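Please read the structure below before turning to the comments.
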Amino acid sequence: MKTPFVTKEKLEEIAKEYPTPFYLYDERGIRENARELKKAFAWNPGFREYFAVKATPTPGILKILNQEGCGCDCSSMAELVMSEKCGVTGENIMFSSNDTPDSEFQKAYNLGALINLDDITLIDDLYRVIGKMPEIISCRYNPGGKFTLGETREGFQVMDNPGDAKYGMTRDQIFQAFRKLSEMGVKRFGLHAFLASNTLSNDYFPELAKILCRLAAELRQETGAEIAFLNLSGGVGIPYLPEQNKNNIYAIGEGVKRVWDEILKPVGLENVKLYTELGRYMLGPYGCLVTRAIHEKHIYKEYIGVDACACNLMRPAMYGAYHHISVMGKENAPCNNIYDVVGGLCENNDKFAIDRALPKIDRGDLLVIHDTGAHGFAMGYNYNGKLKSAELLLKQDGSVELLRRAETLDDYFRTLVW
Ligand SMILES: *Cc1c(COP(=O)(O)O)cnc(C)c1O
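For what it's worth, the working numbering labels the leading residue of the sequence shown as 1032, then goes sequentially.
Below, the structure written as structure tokens:
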């Protein structure tokens, strides 16, 4: 069973000042989770989490994470500028884009960010843009083929297809890139790879670490390159379904440590720094979308219409993603109604839940859509002229802070020429 981090009474109180729909984030949960991550990887003295800004691009959130020691992983101009405005600059920024425009390389370089190159051809682009090479550069690796993990009787627990992914360099290209970059004056190197998304397995990071550690040792051996860091990137998942189990971040940390000891220690590379760029794991469970039931409709199926729509949360429409829903004040009521919970877009995929067993929902009920703290608000859009909601922070002292106001019609019309 999933329990919201906020009570119905508190939500009704908040809704008086900030009408639904809105996003609410849990400061306590965010901070506690960030501290546990740090503890789990404390065996690596250089450990650093670069929060994937794209997951929750909200200054109030970035500042909390920065206070907990996290940097920012950026992949666009807006994300770079937002980090800068939050006081996060220099090597506290990882710039990890793909198909990168010149202007973004220039901005990342001006900020002193660590630059992670997605492709070998970008070496010349970066050189052309900034006129020299930074002392430290990272390269993104794509091993190709299929990446599988945790074979079970039902099939593979985690399976992704790096061979079909647009990211990263092949093995040969990584060796070429390291040689070329060394000749161009780069002194220290990072290696990055992202092979699977939303993994509910304590083995994903250790398996990925094996791949990167082995590659790092070979690169060191064959090119003489100094390896400064390995970046395991994102991909650690969260349990969206109530019956799924949480990852154990301490087991993940221990698993990666074993790989470090086994592969890097014998070749004298155990001091290589370990970086992560988690997004979902850092924020997903600590944010929810709060919406109100405004209509019910009984045709061939039973529908509950809410005041949020896919523009506020795209994951169910886009990926068929499951997000648990709590009907506030009815937590213990029997779930003996089967509903589609829908928004108002003229798109039949605008459904937060399909055939979901829920307590009887009445007009005016508040619904909490769980685990939307990452890749939730961030993927919002304006189809049908729907406006983006406010984002609020439930602070540790119980007060509420506005992080982003709701969009207005004026905002929506601002870019139009009449
Ligand atoms: C999206 C992304 C992340 C974060 O992924 P999560 O699945 O949210 O952990 C990290 N690094 C890069 C380069 C990304 O594109």
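Glycine is no exception: its CB is placed at the ideal position from the N, C-alpha and C atoms.
None of these values were measured; they are calculated from a predicted model.
Residue i in three-state terms, based on DSSP
i       : result
Thr1322 : strand
Asp1263 : Residue identity differs from the one stated: residue 1263 is Leu in this sequence, not Asp. Coil.
Glu1285 : helix
Lys1391 : coil
Val1448 : coil
Asp1441 : helix
Glu1253 : helix
Tyr982  : Residue 982 lies beyond the stretch modelled for the chain, which goes from 1032 to 1449, so this question has no answer here.
Asp1338 : coil
Ala1240 : helix
Leu1300 : coil
Ile1146 : strand
Ile1330 : coil
Arg1062 : helix
Glu1378 : coil
Asp1386 : strand
Ile1154 : helix
Leu1305 : strand
Thr1034 : coil
Ile1294 : helix
Ile1280 : helix
Limits of the unbroken beta strand (DSSP E) element including residue i
i       : result
Leu1344 : Taken as a continuous stretch (DSSP letters only), Leu1344 belongs to no beta strand (DSSP E), as it is neither H nor E.
Leu1309 : Premise fails: Leu1309 is in no beta strand (DSSP E) and is neither H nor E.
Leu1055 : 1053 to 1057
Ala1405 : Where Ala1405 is concerned, there is no enclosing beta strand (DSSP E), given that its DSSP letter is neither H nor E.
Phe1371 : Rather than Phe, the amino acid found at residue 1371 in this sequence is Asp. Counting along the chain, the beta strand (DSSP E) containing Asp1371 begins and ends at 1368 to 1373.
Ile1400 : 1397 to 1400
Leu1423 : 1421 to 1425
Ile1356 : 1356 to 1358
Leu1468 : Lying before the first or after the last residue shown, residue 1468 is absent from the chain, which here runs from 1032 to 1449.
Segment limits, alpha helix (DSSP H) that includes residue i
i       : result
Lys1047 : 1039 to 1048
Cβ of residue i within 8 angstroms of any chain B Cβ
i       : result
Pro1165 : Chain labels in this structure do not include chain B; a single protein chain is all it has.
Nearest-angstrom Cβ-Cβ length linking residue i and residue j, presumed shorter than 8 angstroms
i       : j       : result
Pro1237 : Val1287 : 5 angstroms
Tyr1056 : Leu1425 : 7 angstroms
Asn1229 : Arg1346 : About 11 angstroms separates the two Cβ atoms, so there is no contact after all.
Glu1257 : Lys1218 : 7 angstroms
Ala1224 : Arg1171 : 7 angstroms
Met1032 : Pro1390 : Not a contact, Cβ separation roughly 13 angstroms.
Cys1117 : Pro1088 : So it is not a contact: roughly 10 angstroms between Cβ atoms.
Tyr1081 : Tyr1306 : 6 angstroms
Glu1308 : Asp1442 : Rounded, the Cβ-Cβ distance is 30 angstroms, inconsistent with contact.
Leu1111 : Leu1142 : 6 angstroms
Arg1394 : His1326 : 7 angstroms
Asn1343 : Leu1320 : 6 angstroms
(request) Could you name each continuous beta strand (DSSP E) segment of 3 residues or more that falls completely within the region 1068 to 1137, going from the start of the chain to the end? (result) 1079 to 1083, 1102 to 1105, 1124 to 1126
(request) Enumerate, from N- to C-terminal direction, the unbroken alpha helix (DSSP H) stretches of 4 or more residues contained entirely within the region 1161 to 1237. (result) Counting only runs of 4 or more, we get 1202 to 1214.
(message) Tell me which residues pass a beta-carbon proximity test against ligand 1: closer than 7 angstroms to any heavy atom, given in chain order.
(response) Around ligand 1, the residues whose beta-carbon falls short of 7 angstroms from at least one of its heavy atoms are Ala1083, Lys1085, Ala1086, Asp1104, Ser1106, Ser1127, Phe1225, Ser1228, Asn1229, Ser1264, Gly1265, Gly1266, Val1267, Glu1308, Leu1309, Gly1310, Arg1311, Tyr1312, Ala1405, His1406, given in chain order.
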